[in-house]
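Residue numbering for the sequence shown follows the numbering used here, beginning at 2 and increasing consecutively. We put the CB at the ideal spot given by N, CA and C, even for glycine. Just so you know, these numbers come straight off a predicted model, no measurement behind them. Notes follow the structure.
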Amino acid sequence: MSASKSIAKNTLFLYVRMFFILAVSLYTSRVILQYLGVEDFGLYNLVAGVVVLFSFLNGAMTAATQRFINFEKASDDVIKINHVFCISMNIYFLICAIVFLLGETVGLWFLNAKLNIAADRLFAANVIYQISLITTVINILRVPYNAVILAYQRMSFYAFLGIVETVGKLLIVFSLALFSFDRLIVYSILLACLTLAINGFYYLFCVRNFKDQTAYRFIKDKVLFSKMTVFSGWSLFGNVALMGTNQGVNIILNLFFGVLINATIGIANQVNTAIYSFISNFQTAFMPRITQSYAENKMEEHQKLVLQTSKMSFYLLILISLPILINTEFVMTFWLGKFPDYAVQFTKLIIVFSLFDALSGPLWMSANAVGNIRVYQLVISCLLILNLPLSYLLLHLDYSPISVMVLKVVVNFLVFIFRIVYVNLKIQFPKRMMFQYVAQLSLIVVSLYLLYYLFDQSGKINNILNAAIVSIISVLILSLCIFFLGMSVGERTFVKNQISKLKKKFFSLGK
2 MSASKSIAKN TLFLYVRMFF ILAVSLYTSR VILQYLGVED FGLYNLVAGV
52 VVLFSFLNGA MTAATQRFIN FEKASDDVIK INHVFCISMN IYFLICAIVF
102 LLGETVGLWF LNAKLNIAAD RLFAANVIYQ ISLITTVINI LRVPYNAVIL
152 AYQRMSFYAF LGIVETVGKL LIVFSLALFS FDRLIVYSIL LACLTLAING
202 FYYLFCVRNF KDQTAYRFIK DKVLFSKMTV FSGWSLFGNV ALMGTNQGVN
252 IILNLFFGVL INATIGIANQ VNTAIYSFIS NFQTAFMPRI TQSYAENKME
302 EHQKLVLQTS KMSFYLLILI SLPILINTEF VMTFWLGKFP DYAVQFTKLI
352 IVFSLFDALS GPLWMSANAV GNIRVYQLVI SCLLILNLPL SYLLLHLDYS
402 PISVMVLKVV VNFLVFIFRI VYVNLKIQFP KRMMFQYVAQ LSLIVVSLYL
452 LYYLFDQSGK INNILNAAIV SIISVLILSL CIFFLGMSVG ERTFVKNQIS
502 KLKKKFFSLG K
């Protein structure tokens with residue numbers, strides 16, 4: 002199967018998964034908020050976030066594992082792939098021990114001594130914490146198996162298991178009505194059981210389909226161990242900074258405003274996660290090919306993949322998010338009924354934050370493929386970590402929580418600028434290609450702002466018909482802007498051909 006057909010097939014599988022997960026997840030969020038209440042919902046997001054903070058080692062090694070397995074997949078040497086897998090597992094066993102040790106010492110102290118949690122919910126918070134810690138350790142051990150599945154582009158299984166996990170979460174939420182005991186604790190226990198089951202499915206699938214690649218045995222390879230840990234060592238800076246930004250800012254907000262503000266963040270993140278899953282799935286389908294094209298020294302293909310994936314990711318996200326940005330308050334009311342203060346503003350700002358993430362995704366994939374990421378990670382880390390002291394300073398000076406989210410957006414923009422400059426220095430994009438990329442994005446950003454301003458000033462939307470009309474009109478106008486202003490001649494021709502093929506298939510069904 003050709004690379005383009007393989008990417009298209011994988012993208013289709015991931016989008017089927019995404020549409021189902023999107024619908025069920027949003028409904029699940031509404032129900033869980035009703036069952037737990039705003040404060041317990043915020044408490045769960047806060048405590049689980051503290052545990053995630055200690056999994057920074059896992060995040061660093063994930064990039065290394067995927068890179069090295071994808072590199073060996075380019076040569077299709079099963080023995081070498083298994084070698085990387087076994088060394089990865091050795092490293093992950095060590096990571097699990099470190100995460101557990103940090104969680105049971107520093108994390109436990111921080112939870113009980115520093116966080117702003119009501120005394121009558123401290124016991125529940127500790128139970129959730131222990132369960133979340135165990136769940137995190139289980140998830141860490143899944144990473145090498147997941148990396149093999151992605152390297153072989155078996156997205157059908159990936160999509161299927163995502164649907165199973167989502168259905169499981171929905172059943173868990175509905176089952177809460179059967180319990181009179183503390184529902185927050187019950188919810189945490191049931192989620193941990195689901196996580197254990199999903200990890201079991203990953204293991205069984207790999208044993209059945211990639212037995213030779215994932216057959217674990219203890220191997221000593223100091224050279225490969227050193228390469229992977231050095232690579233992940235520099236990635237570690239970026240992961241500490243990234244988690245410090247996400248979870249650290251949540252903790253700082255908690256110190257000033259309590260668990261209610263964490264509920265607001267949780268709701269905004271639910272919306273953003275649902276929207277960004279479109280882009281995450283799109284980029285996941287391209288990630289193996291971006292790495293493998295560099296490994297095969299196909300530089301022209303690699304350059305085009307990086308910039309086109311970045312640009313198309315951005316276009317997809319703005320088409321999906323524009324209706325949400327225009328109708329945020331109506332969407333919140335329709336979805337949740339009542340919602341916490343700042344939920345509307347937080348949601349809009351997190352979506353804008355994600356627009357820069359969408360642009361950046363293929364850039365960090367390229368940077369990881371190139372390797373030698375010391376300078377890259379140091380600069381990214383320094384920029385991201387600025388969020389913590391500046392956020393604390395803003396809140397200490399009595400600025401609103403919104404100022405913290407604005408700061409995150411500004412910093413993420415600076416991170417994107419550095420990424421594009423750095424990757425350009427490493428893989429030398431042709432000047433014409435780079436100019437076209439920047440010019441097209443600039444035109445679409447201006448179009449997006451004008452459309453948002455126009456519809457935002459047109460009046461408050463208070464019914465589903467108005468929301469639907471505004472959404473359809475805005476997306477159609479933006480689609481035309483993207484087609485005529487944001488695409489090259491070749492890209493427009495490709496889109497026309499795809500539309501023509503869809504028309505033929507549609508009309509052939511009617512015959």
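Measure from the alpha carbon of residue i to the alpha carbon of each residue in the options, then state which is nearest.
i           : options               : result
residue 277 : 321, 179, 310 and 343 : 321
residue 227 : 89, 325 and 371       : 89
residue 200 : 167, 220, 139 and 181 : 139
residue 308 : 94, 487 and 111       : 487
residue 217 : 208, 236, 224 and 428 : 208
residue 174 : 155, 195 and 162      : 195
residue 178 : 25, 170, 36 and 24    : 36
residue 67  : 189, 287, 147 and 328 : 147
residue 1   : 393, 492 and 502      : The chain is shown from 2 up to 512; residue 1 falls before or after that span and cannot be answered.
residue 393 : 408, 380, 381 and 384 : 408
residue 168 : 21, 65 and 464        : 21
residue 85  : 100, 101, 94 and 65   : 65
residue 171 : 380, 287, 374 and 26  : 26
residue 368 : 455, 292, 87 and 135  : 292
residue 319 : 135, 110, 145 and 476 : 476
residue 370 : 185, 47, 502 and 287  : 287
By Cβ distance, which residues of its chain are closer than 8 angstroms to residue i, with the 5 residues on each side in sequence left out?
i           : result
residue 510 : Only weak support exists for where residue 510 lies, its pLDDT of 49 falling under 50; the value from the coordinates is given anyway. So no residue of the chain qualifies.
residue 389 : 245, 246, 249, 250 and 253
residue 314 : 280, 283, 284, 359, 360, 362 and 363
residue 82  : 70, 73, 74, 149, 152 and 214
residue 381 : 238, 239, 242, 416, 419 and 420
residue 274 : 26
Would you grab the beta carbon distance between residue i and residue j for me? Rounded to a whole angstrom, and I think it's under 8 angstroms.
i           : j           : result
residue 514 : residue 149 : For the chain, the structure presents residues 2 to 512; residue 514 sits outside this window and is missing.
residue 405 : residue 191 : About 33 angstroms separates the two Cβ atoms, so there is no contact after all.
residue 323 : residue 479 : 6 angstroms
residue 92  : residue 152 : Not really, about 17 angstroms apart at Cβ, beyond 8 angstroms.
residue 311 : residue 302 : Their Cβ separation, rounded to whole angstroms, is 15 angstroms, which puts residue 311 and residue 302 out of contact at 8 angstroms.
residue 378 : residue 239 : 5 angstroms
residue 448 : residue 482 : 4 angstroms
residue 180 : residue 269 : That pair is no contact at about 28 angstroms.
residue 391 : residue 419 : Between residue 419 and residue 391 the Cβ distance is about 17 angstroms, and since that is not below 8 angstroms, they are no contact.
Once the 5 residues before and after residue i are set aside, which same chain residues still bring their CB inside 7 angstroms of it?
i           : result
residue 330 : 345
residue 97  : 138, 141 and 142
residue 387 : 412
residue 546 : Missing from the structure shown is residue 546; the chain here goes from 2 to 512 and no further.
residue 34  : 42 and 337
residue 490 : none
residue 87  : 217, 218 and 220
residue 456 : 327, 471 and 475
Tell me where the alpha helix (DSSP H) around residue i begins and ends.
i           : result
residue 328 : Residue 328 -> no alpha helix (DSSP H), and no H or E assigned at all.
residue 147 : 144-152
residue 433 : 432-457
residue 204 : 184-210
residue 372 : Per DSSP, residue 372 belongs to no alpha helix (DSSP H) and is neither H nor E.
residue 114 : 109-114
residue 406 : 402-428
residue 103 : 79-103
residue 294 : 260-296
residue 234 : 223-244
residue 248 : No alpha helix (DSSP H) holds residue 248; DSSP gives it neither H nor E.
residue 393 : 388-397
residue 127 : 123-141
residue 478 : 465-486
If I measure Cβ to Cβ from residue i and keep anything under 6 angstroms in the same chain, skipping five residues before and after, which residues do I get?
i           : result
residue 413 : 354 and 357
residue 206 : 158
residue 297 : 75
residue 40  : 260
residue 166 : 199
residue 30  : 271
residue 257 : 396
residue 328 : 462 and 468
residue 417 : 357, 360 and 361
residue 109 : none
Is residue i near the ligand FMN, going by C-beta to nearest heavy atom under 8 angstroms?
i           : result
residue 133 : Absence of the ligand FMN from the depicted structure is noted, as is the absence of any ligand whatsoever, leaving it without description.
I want to see whether chain B comes within less than 9 angstroms of residue i, judged by CB atoms only; does it?
i           : result
residue 165 : The structure shown has no chain B; it contains just one protein chain.
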